[in-house]
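A quick write-up on the structure given underneath.
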Amino acid sequence: MSAFTGTDIIYEDVLWDRPEPNVCQLPKVMIFEKSGCGSLRNSWEDNRTMFAVRCGYTWNHAHDDAGSFVLYDRGMPLLIDSGSCPYEDKLYLSYFTARQAHSVVSAEGCDCRTENMYYGSKFSGSLARLDTFPGFEILRADSAGPFCNIYRRNFRHFVFLNDEITVVTDDIRSFSSHKFIWQLHYNGDIHFNGNTAEIANSVSKISVYPVYPQDCKTELADGYTYRKDKSENSRENNDNAYPCCVQRKYLCIQYPDITDNAHFLNILTLNGASESEVQSLSGDEWCGAKITYGSETYEIFYNLRADGRCMHINSNHSFDGWQTDAYMLIIRRSAQKTEWQVVCGSYLRRGDISIYESYTKKDAYGEI
């Protein structure tokens, strides 16, 4: 037998004999805390679904977009970011780096301070992954930091009930009263079925249900996107429009009141889940929804009393027979079992039965 050299060992073992890594074993949920970015996908195989969130600082290439999100499905963008344009274009600071160019809640007539793009925001946003039962994912984006001149509080929760149903809640408190607008940028065609927006491109479709507030106004606003080719639709219709910005509509859900305290609850149903039955629920200082999809039913209860307005009674509340002080309660029912999830809660009871008790408020889950 001939002796192997060091080069032989490296060549044979590392480059040829060692099996390829199994990419399907990589984590499907990734949170990069320092940048405030996170992503969630249902598979690492080609042309699957990926949802991504950004909630970090504002500075330089990091736009005024803390709390924004995008969705790619079947190899194509469906919910998008507007992108950017050349620095010398007047739309660079006035639109592309600003709040209206991103899928966030904006305060009408009030934006991030422009100098943040040059000097940076003093405080960063943050993104956290909550403790949930198997099959669920909840991400919490706290974007008050970069907009501390506007907001006392700006929480956004993304509740992924399954691969096709996402609940988005927004909890906002500002220093002064504003008209708040929930914005969604998309790639495709849109039409309305009542107050529900239905968006479709060549391979995917998504429905947007504005659950709360029930008397919100839904409309389209004028925006832009950047294209690197000549286009007859450019802002300046001339032969030198290269590159150029073209107009693109985006979805706006307007809060009905001018206020310093606002909450939104919107539900996104992708592809087959667009046929789900969505029922709005509400009561005194709470809102929610009941979603029926196939053999499963989901109930979401959003405790508006838990947004900091009540101190001494500790946000105790009742929702459809459930008693809890949780910020959010989620129930999933199937023929086999009933599962529960509390977000920032210390107890859960139903009638005279105690289901969960704790000395501190925390995220918890279980099965009944």
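Going from the sequence shown to my numbering is simple: count from 1 and add 20. Cβ coordinates follow ideal geometry from the N, Cα and C atoms, glycine included.
query = Excluding sequence positions up to five away, which residues of its chain have a Cβ less than 6 angstroms from the Cβ of G95?
reply = So the list reads N67, once near-sequence residues are dropped.
Coil, strand or helix - A161 by DSSP = Reduced to three states, the DSSP call for A161 is strand.
message = Less than 8 angstroms between the beta carbons of V125 and S88, yes or no?
response = 8 angstroms or more divides the Cβ of V125 from the Cβ of S88.
ask   = Alpha carbon to alpha carbon, what distance is there between E239 and L271?
value = Cα to Cα, L271 sits roughly 6 angstroms from E239.
task = Assign C46 to one of two classes, buried (16 or more other C-beta atoms within 10 Å of its C-beta) or exposed (fewer than that).
result = It should be pointed out that residue 46 corresponds to Leu in this sequence rather than to Cys. Exposed is the call here.
message = Quick check on DSSP: helix, strand or coil for A346?
response = Here A346 sits in coil by DSSP.
task = Just the C-alpha distance for Y262 and E108, rounded to the nearest angstrom, thanks.
result = Bear in mind that a pLDDT of 46 at Y262, under 50, signals an unreliable position, so the number given afterwards is only what the model happens to contain. For Y262 and E108, the distance between alpha carbons rounds to 13 angstroms.
query = The beta strand (DSSP E) spanning I226 covers which residue range?
reply = K225 to Y232 is the span of the beta strand (DSSP E), which, as asked, contains I226.
key: Nearest-angstrom beta carbon gap, Y77 and S144 [assumed within contact, 8 angstroms]   = That belief holds up - the Cβ atoms of S144 and Y77 are roughly 4 angstroms apart, short of 8 angstroms.
request  = Kindly confirm or deny that the region 150 to 157 and the region 166 to 185 touch, where touching means at least three C-beta pairs closer than 8 angstroms.
outcome  = With the cut-off at 8 angstroms, the region 150 to 157 and the region 166 to 185 touch.
Pair within 8 angstroms by beta-carbon distance, S224 and L290 = Contact flag set, yes.
ask   = What three-state label does DSSP hand P276 in the structure shown?
value = If DSSP states are grouped into helix, strand and coil, P276 belongs with the strands.
request  = Consider the C-beta atom of T78 and the heavy atoms of the ligand FMN; say whether any pair is separated by less than 7 angstroms.
outcome  = Absence of the ligand FMN from the depicted structure is noted, as is the absence of any ligand whatsoever, leaving it without description.
key: Own chain residues within Cβ distance below 6 angstroms of I185, not counting five before or after   = Once the five neighbours on either side are set aside, the close Cβ partners of I185 are T289 and A293.
request  = State the CB to CB distance for the pair R388 and W342, rounded to an integer number of angstroms; the pair is presumed to be in contact (CB under 8 angstroms).
outcome  = The question names Arg, yet the displayed sequence has Ile at residue 388. At roughly 11 angstroms, the Cβ-Cβ gap does not stay under 8 angstroms, so I388 and W342 are not in contact.
task = Take the Cβ of P166 as the centre, count every other Cβ of all protein chains shown within 10 Å, and call the residue buried at 16 or more, exposed below.
result = Its Cβ being crowded by 16 or more others within 10 Å, P166 is buried.
task = Buried or exposed for F52, please, with buried defined as at least 16 other CB atoms from any protein chain shown within 10 angstroms of its CB.
result = By the neighbour-count rule (16 or more Cβ atoms within 10 Å), F52 is not buried but exposed.
query = Alpha carbon to alpha carbon, how far is L99 from L204?
reply = Computed Cα separation, rounded: 7 angstroms.
ask   = When the Cα atoms are used, what is the spatial distance from S197 to I278?
value = Pairing S197 with I278, the inter-Cα distance amounts to about 6 angstroms.
Cβ separation of L349 and F321, assumed to be a contact under 8 angstroms, to the nearest whole Å = 4 angstroms between Cβ atoms; contact.
query = How close, in whole Å, do the beta carbons of D383 and V362 come, if the pair is a contact with beta carbons under 8 angstroms?
reply = Yes, they are in contact, since the Cβ atoms of D383 and V362 sit about 7 angstroms apart, within 8 angstroms.
request  = May I ask you to report which of helix, strand or coil DSSP gives L285?
outcome  = L285 carries a strand assignment under DSSP once its states are collapsed to helix, strand and coil.
message = Closer than 8 angstroms is the cut-off here; do at least three beta carbon pairs connect the region 211 to 219 with the region 300 to 316?
response = The region 300 to 316 and the region 211 to 219 do not touch, with fewer than three beta-carbon pairs separated by less than 8 angstroms.
message = Counting only beta-carbon separations shorter than 8 angstroms, does D93 have a partner in chain C?
response = You won't find chain C in this structure, because it holds only one protein chain.
ask   = By how many angstroms is the C-alpha of T312 removed from the C-alpha of V187?
value = The C-alpha of T312 is placed about 14 angstroms away from the C-alpha of V187.
message = Once DSSP output is grouped into helix, strand and coil, what is the label at P97?
response = Looking at P97 - three-state DSSP - the assignment turns out to be strand.
request  = Using the Cα positions of E305 and H283, report the straight-line distance between them to the nearest angstrom.
outcome  = Roughly 11 angstroms between the two C-alpha positions.
Beta-carbon spacing of Y171, S141 below 8 angstroms = Contact flag unset, no.
Closest Cα partner of N62 within the set F156, N221 and E135 = The residue among F156, N221 and E135 with its C-alpha nearest the C-alpha of N62 is F156.
ask   = CB S335 to CB R325, shorter than 8 angstroms?
value = Contact: yes.
request  = Could you pull out every unbroken beta strand (DSSP E) segment of at least 3 residues lying fully inside the region 290 to 351, listed in chain order?
outcome  = Counting only runs of 3 or more, we get 297 to 303, 306 to 313, 316 to 323, 337 to 339 and 342 to 344.
query = In terms of residue numbering, what span does the beta strand (DSSP E) encompassing E135 cover?
reply = Per DSSP, E135 belongs to no beta strand (DSSP E) and is neither H nor E.
key: Distance between Q267 and N258 (C-alpha atoms, nearest Å)   = Residue confidence for N258 is low, a pLDDT of 47 falling below 50, so the modelled location carries little weight and cannot support an answer.
ask   = So which of W202, S222 and K199 has the shortest CA-CA distance to I210?
value = Among W202, S222 and K199, the Cα nearest to that of I210 belongs to S222.
message = According to DSSP, simplified to helix, strand and coil, what is S59?
response = The three-state secondary structure of S59, taken from DSSP, is strand.
ask   = Going straight from the alpha carbon of G129 to that of I226, what length do you get?
value = Rounded to the nearest angstrom, the gap between the Cα atoms of G129 and I226 is 29 angstroms.
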